[in-house]
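Working notes, beginning with the structure itself.
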Amino acid sequence: MSILNTGTFAGKTLVAAKSANISVPFMQIFNSEGESYTVNSFSIDGAVVNILIDEDGNVNYDIAKKDGTEVPVTTSETPASTVSLSIQNYDITNSQIKYYDEQGKMYFELNDFNHSGTGDLSAVKSELDTKTSGLVSFDMDGANYFKDTPVTLDAKLGVDLEQNIYTFLENKAVINQLELVFDGNVKLNDDSQDVAITFKTPSSDFKNFLALIPKEYSKEIENVNTTGDFVVQGNFNGTVDDTHIPKFNIDITSNNASFKYPDLPQSVSNITIDTKIANETGLLENTYVNINALTFKIAQDVFSASANIKNLMGNPLVNANLKGRINLGNLSQAYPFDVEQQMQGILDANIATAFDMKAIEDGRYQDTKNSGSLGLSGFEFNSEDLTNPIQISKAGLTFNTQNVTLNTFEAKTGQTDLSAKGSIDNLLGYMFNDQLLKGNFTLNSNRFALNDFMTESENPEDTDANKTTTESTSEMNTTEAIKIPAFLDATIVAKANTVLYDNLMLKDASGTLLVKDETVILKDFKSSIFGGQIALNGAVSTKAETPTFDVKLGMQSFDMAESFKGLDMLKALAPIAQAFQGVLNSNFEIKGDLSNEFTPNLSTLSGNALAEILVSDVDSEDSKVLSTLVDRLEFLNFNEGETKKINTTLTFDNGQVNVKPFNLKFKDINVQVAGSHGFDQTLNYNATFDVPAKYLGKEAQSLLSKLNDAEAENISVPVTANIGGNVGSPSVTTDLSATATALTNKLVEMQKDKLLNEGSTKVKDALSNFLGANSSKDSTTVTTDAATKNKDSVTTDNIKKAADNLLNGLFGKKKEETNTGD
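Each residue of the sequence shown is one higher than the last, beginning at 1030 in the numbering used here.
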């Protein structure tokens, strides 16, 4: 069964239960009409009660229908009900009670609630023997006080139904492992309740203190050796109504106490606790806490604290002092912490602070008072979440009214060393009001390795044996991504002599980092790398699930060989250029996604680049594309390059790189290259070679010699090579018939000019003899040279076909015109 809300809380459960049962005497099932039935017991299982109050003060339990109609009250001698209650026992099992007050910022939940009682509730005065257990969670104003804390209560209550008074007779409560006994009573009035209750620990053994700590942290306390006392006692006295709570006073005291776990070498001694939690007015906002003394000693280290907090439920006024030294290495020697590796280091504190929470919320830090210092030295910590142990040789903070000054911070992890100074502007706002931590810092490092701050999320050895190697490598041996802290709003001026990033080594790195909203904006970053300089401005963000970047990148005087070997991005953007020796200058505008290792995900890149290459040499063997061109084109030799500078523009998006035309020169051959390629290594380029005719094979050279003209040496024709396939297995095709036509046209023009005064017949015959001089030869060039066996050249067959087409074009049309005239 269940009752669901409508209106403001529509669809939410008010009350529900899996089952509910009542019992009546067996013989009463034979009762005649009008005879009463007696309920002896009832049970409820799986009950849920939700009490909700929204920010406007609306409550979900006010479910009575409001229509303005008054219901007349009538009297009758007829009994209102034929059911009477004579309950002797009841059970409520496996239930939950939830109270959530958004307006008051209060949250209470009682889970695994079990409650039972026996007694005669039909009597005006009776005794009720009850047993209760459950797990309590309680939050107020964002602070958690209990989280699934086990609570039990065995209580014998005196019940006076006439006076509505419930008296604690014999009672014992257990919170975690701490026992308390209660006395007193509660009186229920029409609009209020009067409370008069006292409680205390039944014994003064210091084990009472350890019993307050959840068992998973305090472990077994039966065999712990203790001295001294620990007492909790208090009272609640007053009226509870819409504006008041009971006045109360809770004292927690301990004097010269100690404890030692039997399996640990150190003890905690000289323990003094003097704490009071009270409300003297019955108004919630006037609750206060006084920690008059809290001291303890571990080995030779003494630590003490005191504080008082007024207006706890209103605008808390805090005044606190901390002073002492703690050897962190001794903590796990005296208390059974669950740590994989013992912490090391010395913590020194001498801090005083006074503030009110409203000043913190409003950012009025000038109205706070802070002084003192906090130091840490010889600190070392390690865990499975860290790639390497963190070692802090020394760190020092000075607390002032306006800010907290970081005087020194010297740390090391893995290959990385760090040295920092700076200031924190709102430490209290960060600690108590969920504000961003604001500050300004300078950071210096001799060696900074980014990999020191990454962790592998799973070891491949732990993967399922049935998974493929590819799955194990790509999915299981992954690196957990670095996350830029969401709580940080800081400016960091950084310098590092050496930065290790992926497989790169940057020297003399410096720049400014603006950290905010899980984003780092890099300003004026510069460094030496690949024999040149790099400059960078832009942003990196980890706000989304996948890290992203958007930067402007300048490269100056990069060594080509080193940069293409070290940067996969360059090899992807210009795969052919890696064969060039020399210097690279470039400006990039580029954005995309980052991998967990903070390296660019090539398939997501978009942007543009303007590149200048100062060429000193070309090694075609370093590029399958260039070596294939050399193999196919007889005239091409990259070792005879004259080009000293190449300028080109690239644009890239959706996995494609488009290259605008750029020019090269090898020997006396001019080359223009343009096209595109994909990040998947596919190629689609055209290279147009302006080739002197003398390089086009023996047949072409033979024709040139017949001209007996000095200008023949300057004849050149275009040869187009189409480059396809992929970077590792390119294909090169040429159209030599077009080349032969271009060459023949130029040769005929030059020969024809010499025969202008001869008649058309003589011209035709002369040209036919000139072009067909080698027609009796085999149209296929035969060579035994393996190096040139498959190379493309202009052969007699190419020239003859072109000549035939040309002569038919020149004289065939003329002949047709003459015959028509006859």
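For each residue, glycine too, the CB sits at the ideal point set by N, CA and C.
Cβ-based neighbour list, residue i, same chain, cut-off 6 Å, excluding 5 preceding and 5 following
{"i": "E1504", "result": "For E1504, the pLDDT reaches just 40, beneath the cut-off of 50, and the residue's location in the model is therefore unreliable, although a value from the coordinates is still provided. Counting only Cβ-Cβ distances below 6 Å, and skipping sequence neighbours, we find nothing."}
{"i": "I1550", "result": "L1543 and A1568"}
{"i": "N1034", "result": "K1041, L1043 and N1089"}
{"i": "D1377", "result": "R1354 and G1404"}
{"i": "Q1562", "result": "Q1585"}
{"i": "K1524", "result": "N1473 and S1539"}
{"i": "A1640", "result": "S1615 and T1677"}
{"i": "S1124", "result": "A1076 and F1142"}
{"i": "A1049", "result": "I1073"}
{"i": "P1604", "result": "V1756"}
{"i": "T1711", "result": "N1755"}
{"i": "K1339", "result": "Y1317 and L1346"}
{"i": "H1144", "result": "I1121 and T1161"}
DSSP bridge partner residues for residue i (one or two, in chain order)
{"i": "P1747", "result": "D1719"}
{"i": "M1135", "result": "D1130 and M1169"}
{"i": "V1188", "result": "S1155 and Y1195"}
{"i": "Y1394", "result": "Paired residue(s): none; Y1394 is not in a bridge."}
{"i": "M1534", "result": "L1529"}
{"i": "N1200", "result": "A1184"}
{"i": "T1584", "result": "It is Met, not Thr, that sits at residue 1584 in the sequence shown. BP columns for M1584 point to I1563 and S1615."}
{"i": "T998", "result": "Nothing about residue 998 can be read from this structure; the chain reaches only from 1030 to 1851."}
{"i": "F1332", "result": "F1325 and G1353"}
{"i": "S1052", "result": "S1070"}
{"i": "F1384", "result": "V1347"}
{"i": "N1473", "result": "S1448 and K1524"}
Counted within 10 angstroms of its Cβ, other Cβ atoms place residue i as buried (16 or more) or exposed
{"i": "T1770", "result": "buried"}
{"i": "D1385", "result": "buried"}
{"i": "L1217", "result": "exposed"}
{"i": "T1230", "result": "buried"}
{"i": "T1037", "result": "exposed"}
{"i": "I1558", "result": "buried"}
{"i": "A1722", "result": "buried"}
{"i": "A1424", "result": "buried"}
{"i": "D1091", "result": "exposed"}
{"i": "P1020", "result": "Because residue 1020 is not part of the residues shown, which for the chain are 1030 to 1851, the question remains open."}
{"i": "K1190", "result": "According to the sequence as given, residue 1190 is Leu; it is not Lys. Exposed is the call here."}
C-alpha gap between residue i and residue j, whole angstroms
{"i": "V1792", "j": "L1772", "result": "Caution is warranted here: a pLDDT of 49 is assigned to V1792, below 50, making its placement in the model unreliable, and the coordinate value is therefore given only provisionally. Answer to the nearest angstrom: the Cα atoms are 19 Å apart."}
{"i": "V1297", "j": "K1326", "result": "6 Å"}
{"i": "G1754", "j": "S1645", "result": "28 Å"}
{"i": "P1179", "j": "I1204", "result": "6 Å"}
{"i": "L1839", "j": "L1725", "result": "Low per-residue confidence applies at L1839: pLDDT is 47, beneath 50, and the placement is therefore not dependable, though the value from the model is reported in the following sentence. In a straight line, the C-alpha of L1839 is about 24 Å away from that of L1725."}
{"i": "E1156", "j": "K1185", "result": "7 Å"}
{"i": "P1747", "j": "D1588", "result": "33 Å"}
{"i": "Y1290", "j": "V1528", "result": "47 Å"}
{"i": "A1152", "j": "G1187", "result": "11 Å"}
{"i": "N1656", "j": "E1650", "result": "Here residue 1656 turns out to be Ser, not Asn, going by the sequence shown. Those two C-alpha atoms are separated by around 6 Å."}
{"i": "F1428", "j": "P1275", "result": "39 Å"}
{"i": "T1497", "j": "S1402", "result": "Because the pLDDT at T1497 is just 37, under 50, the model does not fix this residue reliably, and the value given afterwards should be weighed accordingly. About 56 Å."}
{"i": "Y1136", "j": "T1147", "result": "31 Å"}
{"i": "F1410", "j": "Y1394", "result": "33 Å"}
{"i": "S1221", "j": "N1315", "result": "20 Å"}
{"i": "F1681", "j": "E1626", "result": "23 Å"}
{"i": "P1489", "j": "G1595", "result": "Reliability of the predicted coordinates at P1489 is poor, the pLDDT of 37 falling under 50, and no value is obtained from them."}
{"i": "I1421", "j": "S1705", "result": "52 Å"}
Cβ-based neighbour list, residue i, same chain, cut-off 7 Å, excluding 5 preceding and 5 following
{"i": "L1643", "result": "G1611, V1612, K1673 and K1674"}
{"i": "T1749", "result": "N1715, T1717, T1763 and D1764"}
{"i": "K1572", "result": "D1546, E1547 and T1548"}
{"i": "T1282", "result": "V1260, I1302 and D1303"}
{"i": "N1417", "result": "T1442, G1443 and D1481"}
For residue j and residue i, believed in contact at Cβ under 8 Å, the rounded distance
{"i": "T1301", "j": "N1319", "result": "That pair is no contact at about 14 Å."}
{"i": "S1632", "j": "F1708", "result": "6 Å"}
{"i": "I1306", "j": "F1265", "result": "Contact flag wrong, Cβ pair sits at about 12 Å."}
{"i": "I1698", "j": "F1667", "result": "Not a contact, Cβ separation roughly 10 Å."}
{"i": "I1521", "j": "F1470", "result": "5 Å"}
{"i": "Q1117", "j": "D1149", "result": "6 Å"}
{"i": "G1343", "j": "I1389", "result": "That belief does not hold up - the Cβ atoms of G1343 and I1389 are roughly 14 Å apart, past 8 Å."}
Close-in-space but distant-in-sequence residues of the same chain around residue i (CB under 8 Å, 5 per side omitted)
{"i": "L1209", "result": "K1201, A1202, V1203, F1228, K1229, T1230, P1231 and V1261"}
{"i": "V1811", "result": "The predicted position of V1811 is uncertain, since its pLDDT is 31 and thus under 50; no value can be drawn from it."}
{"i": "L1360", "result": "I1327, F1366 and M1372"}
Chain B within 8 Å of residue i, Cβ atoms only
{"i": "L1351", "result": "No chain B is present in this structure, which holds just one protein chain."}
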